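*Asks:* In this note's numbering, the protein residues as written are 6 to 113.
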């Protein structure tokens, strides 16, 4: 399986004061489920629950013992991973370092 890499991952301040990991602005509502399954497997996360709306997907995943939201939103279009609680910030920080190490200008 080819490793999924991102061109310009970044952290974004959330209203709660924590930071989310903005992975890409690429993707569609339809392409998110297969992409999310592959990426969750790639990072060693477990999908716990899937919530689907008309304009977004929110998947609860467990990564490094923390519950995070893996989100696709079509406005503004993008895919992100967000902490559900302050305790998830360390997992986001670790994932951000991993994503940066693997980033590539030709990535998603």
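Cβ atoms here follow ideal geometry from the backbone N, Cα and C, with glycine treated the same way. Nothing here was measured: the structure is a model prediction, and the numbers come from that model.
How close, in whole Å, do the beta carbons of residue 63 and residue 25 come, if the pair is a contact with beta carbons under 8 Å?
*Replies:* About 12 Å separates the two Cβ atoms, so there is no contact after all.
*Asks:* From this set, 15, 71, 34, which residue's C-alpha is nearest residue 91's C-alpha?
*Replies:* If we check each option's Cα against that of residue 91, 71 comes out closest.
*Asks:* Round the Cβ separation of residue 31 and residue 113 to the nearest angstrom and send it over; I've been treating them as touching at under 8 Å.
*Replies:* Right, the Cβ-Cβ distance comes to about 5 Å (below 8 Å), so this counts as a contact.
*Asks:* Under 7 Å: does the beta carbon of residue 67 sit that close to some heavy atom of the ligand MN?
*Replies:* Although the ligand MN was asked about, the structure shown includes no ligands whatsoever.
*Asks:* Leaving out five residues on either side along the sequence, give the residues of the same chain with a beta carbon under 6 Å from the beta carbon of residue 66.
*Replies:* Taken in chain order, the residues that qualify are 45, 50, 52, 73, 75.
*Asks:* Specify, as a first and last residue, the run of the alpha helix (DSSP H) that residue 35 falls within.
*Replies:* Neither: residue 35 is in no alpha helix (DSSP H) and is coded neither H nor E.
*Asks:* May I ask you to list the residues that DSSP assigns as paired with residue 61?
*Replies:* Paired residue(s): 78.
*Asks:* Taking Cβ to Cβ, would you say residue 14 is nearer than 8 Å to residue 105?
*Replies:* Yes, these two residues count as a Cβ contact at 8 Å.
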